[in-house]
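Okay, structure first, notes after.
Chains as they are written, first to last, in the UniProt record's numbering: chain A, 1 to 397; chain B, 1 to 397.
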């Protein structure tokens, strides 16, 4: 294949987002609309990002896709939906012949998928963003990412990874869903001290896929019916806390909303569990640390798995991290680095703090810790070395 | 001390009750009234009972109490309340001089308190019943047991142990609480096939006393506000299921109510956890068994601890027990009997059943199993050998 003339490629990255006000399920399967609005923090891409290269070529005989080095079928409803919707929005300036060409997609994450870190949201946001760049789509694209909701296995929260900083996904009111998309509440520079510690728990197994779990909750949980009625109030309170950079309020709301999400999971029939005994130990540790500070200085949130995501301010990272490492030390045979990501001054754990916390040490329960901060939205990478395609249009595998 | 003439003693037993519609907290601390009605099953006393001997004597120089062999202070609000209230209701026929005499109380359980099996409800019900027998109190006494609610550490659910069979504790409407007491929904003979398996989980620690936890839930859980609004409906549905001996409905409601109780605990700030990873494995096993039967044949419920109480019908005990023992075998060094209580035909576990259940075996996670059935209310024991006092009025320790 002579690639020079026939092959055009775009490479982009997209971030992971972790919700502080949680989305859980669709209020109507046909309308493809969420039960409630949600709000998330976009994380730094140096630590956590999906990277996707998309290319069109007249030499491609069919649409194809490679994910983390392995070819996957493109014939899934979510991929097909994204392709169809993006092509539909092709800008006028675009060469129409390219539209008829097949697309090849290569995507990878810079973190293990098995870590259960909302990798699919980053991946799908990256796909949507890369395709929109390739085809020159203008205007709002988070609604394309939201369309993933329409698929049984799709993660609607991908739409929040289209923006950096603090991002709201408004549930919308219109029946066609056209007012249900993501908006930026505040850019990453608004609260530069905000930090995140992701505690990746060992030995995690997911018993229920989150999409399946969500709809069972909507159908069977009495408490969920009540939860949706208080979400507007929560969204307002959280938005205000972010705008005012009021950490104690931000942190308390984050913890309450995570707990309530898992409470409605438990109220589902049959019940759904994502947190484990280790998750609960992390929760106890966080409340014990806040008790020592006599103020909310660190907050946890849990998604559809046992990993904890802790939010805290830069100045509190060394002390909190020393306590986390004290109670959850790495297992003895640990060769890899235990704390990855942003560097942080190491401080010895304060024995007075430790003596106030009635919790047993649990070596090896946490596999590793990722230290990151609030980051920007998807990026276009212009350096050809960053492309996941070789110069002649083949995937680098 | 010459006991023959001066010492009068009554010995009674009282049962444990396990709620299928759960009580959690007071709607008003001053009015001493529960947030919602609750409904429980009274268990057989051969397996689980409190036994209390109470005596009055002119030779006793002060009120005294011994609990499981150890002297305890009687100067607690709950003991004082019960003594005061019982003496107030002294029947006319009673010798008034005895009322001025001090009382000695000796109480013990036939099961370990540490098992976390609502031992305090049985113990307090037994105390109230024994004192009412001693003093010849006539009429309703479950409201005396309910008075224990007025104490910070009191367990109001003691009032349900005053009756056998299936027992409702109506929340009442009157401000003075006089219409908040226990009533029997059906006697134990109404549904003689009903059986209970109590799975006592190893290594249990309670982090929050349940009384403290309850009031925090009332104060901080948004979902609890909603829960109380649906409880009348649940009580009606459960009462009807019991009256009709409709096990699938009884079982499903029992599981849903247990899960919802623990959901509002999780929605509390800070959150309260009683179930552990082992509790959750039991829940998964129960749902998997019901999936095999294609009907609810066994139901779980959890109180303020990780132990599971399973309800099921006599005919299903052998098969269910074989599966429980397969997935939760005793640890190797187990000397004691693993399944205690009512005898049950041993059947080999069905390998076809096992193959359908995707759960790992967890040896030693369950310490032992108590097999019991629905039982009667408190009993008076007339055999002097049963007394916990020696013939001269001293506690047998």
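All residues carry an ideal CB built from backbone N, CA and C; glycine is no exception.
Task: Top-ranked residue by Cα proximity to residue 23/B, from 196/B, 55/B, 257/B and 86/B - done: Comparing Cα-Cα distances from residue 23/B to each of 196/B, 55/B, 257/B and 86/B, the minimum goes to 257/B.
TODO: Mind listing the chain E neighbours of residue 283/B? Cutoff is C-beta to C-beta under 7 Å, in chain order.
DONE: Judged by its chain identifiers, the structure shown contains no chain E, and its protein chains are A and B.
Task: Where residue 483/B meets chain A, residues with beta-carbon distance less than 7 Å - done: It is not possible to answer for residue 483/B, since the shown part of chain B is limited to 1 through 397.
TODO: Please classify residue 175/B: does DSSP put it in a helix, a strand, or coil?
DONE: Coil, per DSSP.
- [ ] Closer than 7 Å by beta-carbon distance: list the chain B residues that pair up with residue 183/A, in chain order.
- [x] By Cβ distance, chain B contributes nothing, its closest Cβ being about 26 Å from residue 183/A, past 7 Å.
Task: Neighbour list for residue 415/B in chain A, Cβ cutoff strictly below 8 Å - done: Residue 415/B is absent from the structure shown; chain B starts at 1 and stops at 397.
Open item on the list: Beta carbons nearer than 8 Å to chain A: which residues of the stretch 239 to 264 of chain B have them?
Closed with: Contacts with chain A (Cβ-Cβ distance below 8 Å) from the stretch 239 to 264 of chain B involve 252, 255, 256, 259, 260, 262, 263 and 264, listed in chain order.
Task: For residue 404/A: DSSP bridge partner residues - done: A query on residue 404/A cannot be resolved here, the shown segment of chain A reaching from 1 to 397 and no further.
TODO: Measure the Cβ-Cβ separation of residue 25/A and residue 215/A and say whether it is below 8 Å.
DONE: Taking 8 Å as the Cβ cut-off, residue 25/A and residue 215/A qualify as a contacting pair.
TODO: Report the three-state DSSP secondary structure of residue 52/A (helix, strand or coil).
DONE: Per DSSP, reduced to three states, the secondary structure at residue 52/A is strand.
Task: is_contact[residue 266/A, chain B] using C-beta, thresh 8 Å - done: Residue contact with chain B for residue 266/A: present (Cβ-Cβ distance below 8 Å to some residue of chain B).
Task: Near-chain A residues of the stretch 346 to 360 of chain B - C-beta to any C-beta below 9 Å - done: Shown in chain order are the members of the stretch 346 to 360 of chain B whose Cβ falls below 9 Å from a Cβ of chain A: 358.
Open item on the list: Taking 8 Å as the threshold (beta carbon to beta carbon), is residue 222/B in contact with chain A?
Closed with: At least one CB of chain A lies nearer than 8 Å to the CB of residue 222/B.
TODO: Compute the distance between the beta-carbons of residue 250/A and residue 231/A, then report whether it is under 8 Å.
DONE: Cβ distance not < 8 Å, so residue 250/A and residue 231/A don't count as in contact.
TODO: Would you mind telling me which residues of chain A sit closer than 8 Å to residue 230/B, beta carbon to beta carbon, in chain order?
DONE: 222, listed in chain order.
- [ ] For residue 26/B, write down the residues that DSSP places opposite it in a beta bridge.
- [x] DSSP lists 34/B as partners of residue 26/B.
Task: Where the alpha helix (DSSP H) through residue 290/B begins and ends - done: Where residue 290/B is concerned, the enclosing alpha helix (DSSP H) stretches over 277 to 293.
Task: Minimum C-alpha distance to residue 369/B - residue among 303/B, 309/B and 351/B - done: Across the set 303/B, 309/B and 351/B, the C-alpha of 309/B shows the shortest separation from the C-alpha of residue 369/B.
Task: Contact with chain B by residue 27/A, beta-carbon distance below 8 Å - done: Interface criterion not met: the Cβ of residue 27/A is under 8 Å from no Cβ in chain B.
- [ ] Indicate whether at least one CB of chain A lies closer than 8 Å to the CB of residue 78/B.
- [x] Cβ-Cβ to chain A under 8 Å: no for residue 78/B.
Open item on the list: If contact is defined by three or more beta carbon pairs under 8 Å, each pair taking one atom from either stretch, is the stretch 49 to 60 of chain A in contact with the stretch 189 to 200 of chain A?
Closed with: Contact between the stretch 189 to 200 of chain A and the stretch 49 to 60 of chain A is absent, because fewer than three Cβ pairs lie under 8 Å.
TODO: State the start and end residues of the unbroken alpha helix (DSSP H) segment that holds residue 447/B.
DONE: The structure shown does not extend to residue 447/B, since chain B spans only 1 to 397, so no value can be given for it.
TODO: Could you round the C-beta distance between residue 342/B and residue 166/B to whole angstroms and report it? I think they count as a contact, below 8 Å.
DONE: Contact doesn't hold; Cβ gap of about 19 Å is too wide.
Open item on the list: With a threshold of 8 Å on Cβ separation, who are the neighbours of residue 181/B within its own chain once the five nearest residues in sequence on each side are excluded?
Closed with: Counting only residues of its own chain and dropping the five nearest sequence neighbours on each side, residue 181/B has a CB closer than 8 Å to the CB of 140, 142, 143, 146, 159, 169, 170 and 172.
Task: Chain-ordered neighbours of residue 160/A on chain B, where CB pairs are closer than 9 Å - done: What residue 160/A touches in chain B: nothing, since even the nearest Cβ is about 24 Å away.
Open item on the list: Can you tell me whether residue 102/A is helix, strand or coil according to DSSP?
Closed with: DSSP, read as helix, strand or coil, puts residue 102/A in strand.
TODO: Please decide whether residue 227/B counts as near chain A, where near means a Cβ-Cβ distance under 8 Å.
DONE: Contacts with chain A at 8 Å (Cβ-Cβ) include residue 227/B.
Open item on the list: Counting C-beta neighbours from all protein chains within 10 Å, is the total for residue 47/B 16 or more, i.e. buried, or is it exposed?
Closed with: When all chains shown are included, residue 47/B counts as buried.
Task: Residue environment, residue 227/A, which counts as buried when at least 16 other CB atoms sit within 10 Å - done: Burial call: buried.
Open item on the list: Going by C-alpha to C-alpha distance, which of 388/A, 135/A, 375/A and 235/A sits closest to residue 188/A?
Closed with: The shortest Cα separation from residue 188/A among 388/A, 135/A, 375/A and 235/A belongs to 375/A.
Open item on the list: Cβ closer than 8 Å: which chain A residues qualify as neighbours of residue 398/B?
Closed with: Outside the shown range of chain B (1 to 397) lies residue 398/B, about which nothing can therefore be said.
Task: Cβ pair residue 57/A, residue 97/A closer than 8 Å - done: Result no, Cβ atoms of residue 57/A and residue 97/A do not sit closer than 8 Å.
- [ ] Just the C-alpha distance for residue 151/B and residue 233/B, rounded to the nearest angstrom, thanks.
- [x] Unreliable placement is indicated for residue 151/B, whose pLDDT of 41 sits below 50; no coordinate value is reported for it.
Open item on the list: Between residue 395/B and chain A, is the shortest Cβ-Cβ distance under 8 Å, so that the two count as touching?
Closed with: So no, residue 395/B is outside the interface.
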